[in-house]
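Heads up: the protein sequence lines correspond to chains C and W, in order.
Start counting the first sequence at 2; every next residue gets the next number (my numbering).
Start counting the second sequence at 2; every next residue gets the next number (my numbering).
Built from N, CA and C at the ideal position, the CB exists for glycine as well.
All figures in this text were calculated on a predicted structure; none of them were measured in a lab.
The structure appears right after this line, and notes come after that.
Protein chains: 2
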Amino acid sequence: MLHALADSTRRDIVRRCLGEAASVSRLADVYPMSFAAVQKHVAVLERAGLVSKERRGREQLVRSEIDAVRQARQALDQLEATWRGRIERMSDILAEDEGDGTHERDQH
Amino acid sequence: MLHALADSTRRDIVRRCLGEAASVSRLADVYPMSFAAVQKHVAVLERAGLVSKERRGREQLVRSEIDAVRQARQALDQLEATWRGRIERMSDILAEDEGDGTHERDQH
DNA sequence: CTAACGTACAACCAAATGGTTGTAGATGAG
DNA sequence: CTCATCTACAACCATTTGGTTGTACGTTAG
Numbered sequence: 002m003l004h005a006l007a008d009s010t011r012r013d014i015v016r017r018c019l020g021e022a023a024s025v026s027r028l029a030d031v032y033p034m035s036f037a038a039v040q041k042h043v044a045v046l047e048r049a050g051l052v053s054k055e056r057r058g059r060e061q062l063v064r065s066e067i068d069a070v071r072q073a074r075q076a077l078d079q080l081e082a083t084w085r086g087r088i089e090r091m092s093d094i095l096a097e098d099e100g101d102g103t104h105e106r107d108q109h
Numbered sequence: 002m003l004h005a006l007a008d009s010t011r012r013d014i015v016r017r018c019l020g021e022a023a024s025v026s027r028l029a030d031v032y033p034m035s036f037a038a039v040q041k042h043v044a045v046l047e048r049a050g051l052v053s054k055e056r057r058g059r060e061q062l063v064r065s066e067i068d069a070v071r072q073a074r075q076a077l078d079q080l081e082a083t084w085r086g087r088i089e090r091m092s093d094i095l096a097e098d099e100g101d102g103t104h105e106r107d108q109h
């Protein structure tokens, strides 16, 4: 899923389909590449759950799944939270050392 | 940079080096792959600015750059903000239509 | 000094990526 | 019906990726 967002064309597709859905050929008009290439990008985004397709007549409307974007963001949030947790635990250990005076050394 | 975070081994390395730095060989002990493979992963992370290396004796300590992680998260935040912006503008347009009664159609 | 350790880097390989063209099947407009 | 449009999908290609092994070099321990 991060992989799906790691391509600028795909990020742009997601951005473009956030408000209103667009058909694949309408999207293909925008980018300097073939229809098939855009089709593949959409397929990658779909597999990652970042967009969904809905058929309307002969067109296939692409719409972004904002909840999936939120989920990706939360994954990174969690990395940061882990970091904060580690820093806290380090502070705790320092506090202990100051309190008990045993001065045991790190096992390296 | 999202690409750098799109690999689970690399995400794990970042997580592992958040609190305290680790040498490349210490990291290599953890994963079921060769030292050289881990070295490459670290290189990818370094190019993306997600970790930095610092030499200490014959070891090379890897430490995660929490600010870079924050930056990645903010990039996704912005996607979500764009979405909220679109929704707002759509609401505005609806409000206008209700107000002036001109009922002009979307230019498709 | 010598041996062991940690690193760097090149060469190689299979598989995935991001792109292309071409063909074929649905669907809608006239 | 017929034609243009939209989509799907296969085949192909160059490049990148994620992994391997092997070699060489600097540093530290004994």
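6 angstroms CB neighbourhood of residue i in its chain, flanking five on each side removed
i      : result
L46(W) : A5, R11 and V52
M34(C) : none
Length of the line joining the Cα atoms of residue i and residue j
i       : j      : result
D13(C)  : R71(C) : 16 angstroms
L80(C)  : G58(C) : 43 angstroms
R87(C)  : V15(W) : 13 angstroms
D93(W)  : W84(W) : 14 angstroms
A22(C)  : L77(W) : 20 angstroms
A44(C)  : K54(C) : 9 angstroms
L19(W)  : R27(C) : 43 angstroms
S9(C)   : H42(C) : 10 angstroms
R106(C) : Q61(W) : Only weak support exists for where R106(C) lies, its pLDDT of 40 falling under 50; the coordinates are left without a value.
R90(W)  : R17(W) : 43 angstroms
A96(C)  : R56(W) : 29 angstroms
V63(C)  : R64(W) : 40 angstroms
Neighbourhood of residue i by C-beta, 8 angstroms cutoff - its chain only, sequence neighbours within 5 removed
i      : result
G50(C) : M2, E66 and A69
F36(C) : V25, S26 and A29
Residues sharing a beta bridge with residue i, DSSP
i      : result
V25(C) : For V25(C), which the question treats as bridged, DSSP gives no partner whatsoever.
E60(W) : R57(W)
S65(C) : V52(C)
Nearest-angstrom Cβ-Cβ length linking residue i and residue j, presumed shorter than 8 angstroms
i      : j      : result
R48(C) : R74(W) : About 23 angstroms separates the two Cβ atoms, so there is no contact after all.
V39(C) : Y32(C) : 6 angstroms
A82(W) : A7(C)  : A82(W) to A7(C), Cβ: 20 angstroms. No contact.
Any non-hydrogen atom of the ligand FAD closer than 7 angstroms to residue i Cβ
i      : result
T83(C) : Judged by which ligands are present, the structure shown has none, so any question about the ligand FAD falls away.
Practice problem: Could you run through the region 57–87 of chain C and flag, in chain order, every residue whose CB is less than 7 angstroms away from some CB of chain W? | Solution: I67, V70, R71, A73, R74, L77, D78, L80, E81, T83, W84 and R87
Exercise. For the region 26–49 of chain C, enumerate the residues whose C-beta is nearer than 9 angstroms to any C-beta of chain W, in chain order.
Key: none
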